[in-house]
Every structure is written in structure tokens, then in C-alpha cells.
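A.B. asks:
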Amino acid sequence: MVLVSTLALVTGATSGIGRAFAERLAADGHDLILVGRNTERLDAFAAQHPDTAVEKVAADLSTDAGATQVAELAASRPLDLLLNNAGVAHYMPLTELPADKARELLGVKVIAPTMISRAAVAPMVARGSGAIVNVAGMIGFSGPAPASVKPPRSVYGGALAHLVAFSQLLATEVEGTGVRVQVLCPGVVATEFHTRQGLDMSVVPRMSAEEVVTAALRGLELGEVVCAPGVEDDDLLAAVSRADLAAFAGQSPELASRYR
Numbered sequence: 024m025v026l027v028s029t030l031a032l033v034t035g036a037t038s039g040i041g042r043a044f045a046e047r048l049a050a051d052g053h054d055l056i057l058v059g060r061n062t063e064r065l066d067a068f069a070a071q072h073p074d075t076a077v078e079k080v081a082a083d084l085s086t087d088a089g090a091t092q093v094a095e096l097a098a099s100r101p102l103d104l105l106l107n108n109a110g111v112a113h114y115m116p117l118t119e120l121p122a123d124k125a126r127e128l129l130g131v132k133v134i135a136p137t138m139i140s141r142a143a144v145a146p147m148v149a150r151g152s153g154a155i156v157n158v159a160g161m162i163g164f165s166g167p168a169p170a171s172v173k174p175p176r177s178v179y180g181g182a183l184a185h186l187v188a189f190s191q192l193l194a195t196e197v198e199g200t201g202v203r204v205q206v207l208c209p210g211v212v213a214t215e216f217h218t219r220q221g222l223d224m225s226v227v228p229r230m231s232a233e234e235v236v237t238a239a240l241r242g243l244e245l246g247e248v249v250c251a252p253g254v255e256d257d258d259l260l261a262a263v264s265r266a267d268l269a270a271f272a273g274q275s276p277e278l279a280s281r282y283r
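Position one of the sequence shown corresponds to residue 24 (my numbering), numbered consecutively onward.
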């Protein structure tokens, strides 16, 4: 099934994966609602795409006001595609993470995508079509990693893990309605994301944002709920799901013998 959409809402649309999505969707003839904090970049994109209907929304998704503003848009417009892409990194141990940065990260990667998806999904179900893509990352699978894996990022990794489980469960809730849900989990991507955190990734092999977009759109066609653009063996992803479900099904009301 080919994704055919007429109206797409993209958060974090002024750079990186969000900008690449906006470019691809504009080229494919979609109307766009673009959300970002950089108004100059939003204006520049609209000026560079005069043949595309672009609605520019300046909003800070780390705030309740910003998330509510975009959620209200998602509820009131006939969206064919919602792309929850906005993000911040704040890579640091929890003991060093300032409270304001922790709140910003959770606002952008947990609260905003949850509330915007909530607003969009019921109208999509009522129309019998639509797609929601939540951009997480392979770090969402890194919970069991040893301390040697750097940099420390418990809150960031935990936020991405939320998006993985949230998207998987939401996909089951809307199964059979015509609405598709995907969590997009790229690895290291060549964007401004890391340089904003003061990380030099110039010698690290990286995928392009355009390749990530190609994988996401193809993944929707394939019906993938978890799309990992850099994982060649997709049975690895299936194995993670099988292990999760085996642990879930293996519980009992009796205390495990190792605790007795």
C-alpha cells in the first residue's frame, strides 16, 4: 500500500529529519503544517516552496502551551500524516541533568507526541485512514547496555523507549481501522542534532536524513510498526518483540523461586 496523503503535520520541521520529511512531502505534492521554534527557517522554507501550501506554526513543544496548541491543530485538521519528530538531546547522567533540561526533554519527546497523537488519532479512526510516525531512535533499545557505552543518557534513552512501547501499543489499538502507526528508530544521522550538544561526530559514519525518510515511507508501505533504517536483519527486531512478549507471558501470581 502506497502512502497517499494530502495534509501532513511535521514537528521539528526546520532541520534534520523533520526538514527532510518536509522536503520529500512537498515534492510529492502534500500540503504541510510545519511546526518549529525557528520562525526564520519556517519562513524560508515557505518562500522556497511557493507551489506548496505551507502553514507555519511557531511553537515550543517543551511547554504545555506549545503542545496544546499543536494538539488542537491535529484534532481540527484532516491529517493524513502526523510526524512527531521534534527533539532535544541533553546527553548527560541524571545526576548532572538540570531540572529544566529534564523537563524540556520529557516535554518534547514524551508529553508532546503523546498529546498530539491523542488529538489526531480519533479523527483518523473516524475517517478510516491516516498514519502517525513517532521519531525515536535505536538508543531506545539500549537500556541493557553496560556502563562502557557512552555518553550516559538515561532520561533521553528512557524517553525514546517510551515512544517505542507507546507506538507499538497504539498500533494494536487502531488495528483494522485503516490507521497506521510507526516508530522510526534511526541510528546516528548526519544532522545538526549532535553538534548542538557539542559532540563532534565528523569521523563517525552516519546515515543521511533523506535516507531515514526513505526508510520511514517504505516502512509504512510494508506495514512495519518498528522501522529501523540501519538494521539489515529485521529478525533482530522481531526477536526483541518475541523476548518482550515471552517475559510478559511468563509471569505468575506466585513468587519466583529465586526470591524465596
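Heads up, the beta-carbon is just placed ideally off N, CA and C, and yes, glycines get one too.
1. Between which two residues does the beta strand (DSSP E) carrying Lys79 extend?
2. In its own chain, which residues sit with a C-beta less than 8 angstroms from the C-beta of Gly160, not counting the 5 before and 5 after it?
3. Could you pull out every unbroken alpha helix (DSSP H) segment of at least 4 residues lying fully inside the region 43-112, listed in chain order?
4. On the premise that Val93 lies in contact with Val58, defined as a C-beta separation below 8 angstroms, what is that separation, rounded to the nearest angstrom?
5. From Gly166 to Ser177, what does the alpha carbon distance come to, in whole angstroms?
6. For Glu277, I'd like the list of residues in its chain whose CB is within less than 7 angstroms of its CB, leaving aside the five on either flank, ordered along the chain.
7. Decide if Leu71 is buried, meaning its Cβ has at least 16 other Cβ atoms within 10 Å, or exposed.
8. What's the C-alpha gap between Ala81 and Thr62?
9. When you compare only the Cα positions, how much space is there between Ala251 and Val212?
10. Given a threshold of 16 other Cβ atoms within 10 Å of its Cβ, counted over all protein chains shown, does Thr34 qualify as buried or as exposed?
11. May I have the straight-line CA-CA distance separating Lys79 from Met230, to the nearest angstrom?
12. Ignore the nearest five residues each way along the sequence and tell me which others in Leu260's own chain have a CB closer than 7 angstroms to its CB.
13. By Cβ distance, which residues of its chain are closer than 8 angstroms to Leu129, with the 5 residues on each side in sequence left out?
14. Does the structure place the region 142-156 close enough to the region 113-123 that three or more beta carbon pairs sit under 8 angstroms?
15. Buried or exposed, going by whether 16 or more other CB atoms sit within 10 Å of the CB of Phe271?
16. Just the C-alpha distance for Asp258 and Ala266, rounded to the nearest angstrom, thanks.
17. Along the chain, where does the alpha helix (DSSP H) containing Gly242 start, and where does it finish?
18. Please report how far the alpha carbon of Arg60 lies from the alpha carbon of Ala170, in whole angstroms.
19. Run through the region 114-200 for me and flag every whole alpha helix (DSSP H) of 4 or more residues, listed as ranges in chain order.
20. Any idea what DSSP makes of Val27, helix, strand or coil?
21. Near Gly89, which residues of its chain fall below 6 angstroms by C-beta distance, leaving aside the five closest residues on each side in sequence?
22. For Val33, list the residues DSSP reports as bridge partners.
C.D. replies: Checking against the coordinates, here is how it stands:
1. Per DSSP, Lys79 belongs to the beta strand (DSSP E) from Val77 to Ala81.
2. Contacts found: Leu183, Cys208, Pro209 and Gly210.
3. Runs found: 62-71 and 87-99.
4. Cβ-Cβ separation between Val58 and Val93: approximately 6 angstroms, consistent with a contact (criterion under 8 angstroms).
5. Here the alpha carbons of Ser177 and Gly166 stand approximately 8 angstroms from one another.
6. Beyond the five residues adjoining it in sequence on each side, Glu277 comes within less than 7 angstroms, by CB distance, of no other residue in the same chain.
7. Position check: residue 71 holds Gln in this sequence, whereas Leu was assumed. Around the beta carbon of Gln71, a 10 Å sphere encloses fewer than 16 other beta carbons of the protein chains shown; the residue is thus reported as exposed.
8. Between Ala81 and Thr62, the C-alpha separation is close to 6 angstroms.
9. Inter-residue distance for Ala251 and Val212 is about 12 angstroms (C-alpha atoms, whole angstroms).
10. By the neighbour-count criterion, in which 16 or more other beta carbons inside 10 Å mark a residue as buried, Thr34 falls on the buried side.
11. Approximately 28 angstroms between the Cα atoms of the pair.
12. Excluding sequence positions up to five before and after Leu260, its CB lies within less than 7 angstroms of the CB of Val249, Ala251 and Val254, all in the same chain and listed in chain order.
13. Take Leu129, set aside five residues on each side of it, and the residues of its chain with a beta-carbon closer than 8 angstroms to its own are Val178 and Ala182, in chain order.
14. No contact exists between the region 113-123 and the region 142-156.
15. Under this definition Phe271 is an exposed residue.
16. Taking the straight line from one Cα to the other gives about 12 angstroms.
17. Per DSSP, the continuous alpha helix (DSSP H) segment holding Gly242 begins and ends at Ala232 to Leu245.
18. Looking at the two C-alpha atoms, the distance is approximately 34 angstroms.
19. As far as the region 114-200 is concerned, its whole alpha helix (DSSP H) runs of at least 4 residues are 122-129, 135-150 and 177-196.
20. Confidence is the limiting factor: at Val27 the pLDDT is only 48, short of 50, which leaves the residue's position unreliable and the question unanswerable from this model.
21. Residues Ala82 and Asp83 of the same chain have their beta carbon placed closer than 6 angstroms to that of Gly89, with the five preceding and five following residues left out of the count.
22. In the DSSP output, where bridge partners are listed per residue, Val33 has Leu57 and Leu106.
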